[in-house]
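Report on one structure; see the data block that follows.
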Amino acid sequence: MTLKEKYKDYFKIGTAVNVSSIDTHAKLIKEHFNSLTCENETKFSNLCENKDNYNFMWADKIVDFARDNKIPMRGHTFTWHNQTPKWVFENVDREGLLKRLKDHIKVVGERYEKEFYCWDVVNEAIEDKGDYIFRKSPWTEIIGEDFIDYAFRYAKEILPTTDLYYNDYNETQSPKREHIYKIVKSMKERGVPIDGVGLQCHFNIYSPDKDTIRRSLELYAKLGLKLQVTEMDISMFKHDDTTRITKPSKELLELQAKAYGDAFEVFREYKEVIDCVTLWGIADDCTWLDNFPVENRKNWPLLFDEEHKPKEALLRILDF
Ligand code: 9MR
């Protein structure tokens with residue numbers, strides 16, 4: 002039984018891909034997943050490092066693969082404080098930057114309008130801790146905090162039938178969780194065209210626990226919008242633990258299977274609001290966590306092992 006078949010009455014099962022993995026992991030992608038996200042290729046800096054000079058070669062390669070295999074895609078991401086080229090913020094005032102933002106959404110959004118069923122319009126604009134809610138970035142410095150509202154309004158005007166998401170991480174932690182809820186609720190009340198909230202779910206085997214995940218989904222579900230899990234992986238390590246191991250022990254693999262099993266059990270409880278659950282990669286031979294936040298710390302956060310074989314975690318989420 003494949004993931005997408007097993008979950009067909011619940012939600013789509015997605016994965017993040019890159020230009021290499023669509024070749025090296027093609028078999029697993031086609032078998033198990035019915036939603037794809039470009040890991041980097043549709044970010045601003047990957048598409049347009051130099052002003053007025055878009056290069057769609059890599060993104061197109063992935064979109065062609067998705068189209069050939071009839072797999073819908075989610076767009077990631079129009080605005081972010083990271084991976085945005087320097088020129089965007091240079092020699093520009095509020096009006097000028099708003100125009101650059103709108104032009105970017107138009108060029109990229111329209112190009113992939115047929116293939117992309119949703120977009121992360123704004124990524125990670127809320128602070129993790131502290132006294133203020135919005136993350137300070139060139140977007141807020143030059144435009145102001147309302148850059149978020151503008152991004153959604155432009156996106157809706159350009160892509161009226163695409164679902165528009167606000168996407169963030171540490172989404173189960175307080176007070177960030179409440180801050181995300183509050184900002185999105187206020188956007189909705191003010192008529193800002195937002196369709197959903199993306200919960201990244203970069204977890205580790207120790208946290209968050211099932212109750213915390215459930216409480217978070219309960220809160221977000223109250224927004225009356227769609228929810229998506231957008232970047233899930235479950236690290237074998239506490240965040241910046243510098244321990245390095247060559248192979249995960251049976252105990253670690255079991256803890257991971259339990260963590261995946263618990264999370265998916267809660268996701269299934271919220272199938273009415275969850276539209277898609279995306280994993281941030283396919284198999285353990287290709288994960289951003291091998292180098293973040295600790296350089297050269299091999300990690301095994303996904304559902305298939307380095308040889309592309311099913312892990313205990315996969316079996317656990319298929320067993321219900
Ligand atoms: O997985 C991505 C990695 O290859 C890039 O180097 C990194 C650069 O910031 O971005 C990673 O993806 C991020 C995603 O776009 C947004 N949420 C956090 C993800 C992991 O950092």
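By my numbering, the letter at position 188 of the sequence shown is numbered 189, and the numbering carries on one by one without gaps.
Note that the Cβ used here is the ideal one computed from N, Cα and C, for glycine as well.
Bear in mind the structure is a predicted one, so any value in this text is a computation, not a measurement.
Continuous alpha helix (DSSP H) stretch holding residue i: start and end
i, result
"V61", "Strictly speaking, residue 61 in this sequence is Asp, with Val absent from that position. Where D61 is concerned, the enclosing alpha helix (DSSP H) stretches over M58 to D69."
"F117", "No alpha helix (DSSP H) contains F117, which is instead part of the beta strand (DSSP E) from F117 to N124."
"T141", "P139 to I143"
"I23", "S22 to T25"
"D104", "R95 to R112"
"K7", "L4 to K7"
"N47", "F45 to L48"
Span of the beta strand (DSSP E) around residue i
i, result
"G76", "M74 to T80"
"G15", "K13 to V18"
"E232", "K227 to S236"
"L37", "S36 to C39"
"V278", "I275 to L280"
Residue environment, residue i, which counts as buried when at least 16 other CB atoms sit within 10 Å
i, result
"E232", "buried"
"Y133", "exposed"
"D24", "exposed"
"E50", "exposed"
"G329", "Nothing about residue 329 can be reported from this structure: the residues present for the chain run from 2 to 321 only."
"E179", "exposed"
"S36", "buried"
"F117", "buried"
"I127", "buried"
"Q201", "buried"
"N83", "exposed"
"P294", "exposed"
"T279", "buried"
"K130", "exposed"
"M237", "buried"
"F34", "buried"
"L218", "buried"
"T162", "exposed"
"G145", "exposed"
"E172", "buried"
"G97", "exposed"
"T16", "buried"
"T247", "exposed"
"D164", "buried"
"F153", "buried"
Cutoff 8 Å: residue i Cβ touching any chain B Cβ
i, result
"E146", "In the displayed structure, chain B is absent; only one protein chain is listed."
Ligand 3 heavy atom lying under 7 Å from the CB of residue i
i, result
"I134", "Ligand 3 is absent from the structure shown, which contains only ligand 1."
On the three-pair Cβ rule with 8 Å, is the stretch 73–82 touching the stretch 38–58?
yes
Okay, do the stretch 184–191 and the stretch 137–145 touch, 3+ Cβ pairs below 8 Å being the bar?
Remark: fewer than three beta-carbon pairs, one from each stretch, lie closer than 8 Å, so the stretch 184–191 and the stretch 137–145 are not flagged as touching.
Quick check on the contact list: which residues have their beta carbon closer than 5 Å to a heavy atom of ligand 1?
E40, N83 and W289
Would the stretch 242–258 and the stretch 297–305 be scored as touching if the rule is three or more Cβ pairs under 8 Å?
yes
Any 3 or more C-beta pairs closer than 8 Å across the stretch 252–260 and the stretch 306–315
yes
Curious, which full-length alpha helix (DSSP H) runs of at least 4 residues does the stretch 156–231 contain?
177–190 and 211–222
Looking at C-beta atoms only, is the number of pairs between the stretch 148–162 and the stretch 101–108 that lie closer than 8 Å three or more?
Contact between the stretch 148–162 and the stretch 101–108 is present: 3 or more CB-CB pairs across the two stretches fall below 8 Å.
Contact the stretch 123–132 vs the stretch 66–74: 3+ CB pairs below 8 Å
Because the criterion of three Cβ pairs below 8 Å is not met, the stretch 123–132 and the stretch 66–74 do not touch.
If you pair each beta-carbon of the stretch 262–270 with each one of the stretch 286–294, do three or more pairs fall below 8 Å?
no
Measuring CB atoms only, is the stretch 195–203 touching the stretch 221–228, in the sense that at least three cross pairs come out at less than 8 Å?
yes
To test your reading of the DSSP string, which unbroken beta strand (DSSP E) runs of 3 or more residues are found completely within the stretch 260–314?
275–280
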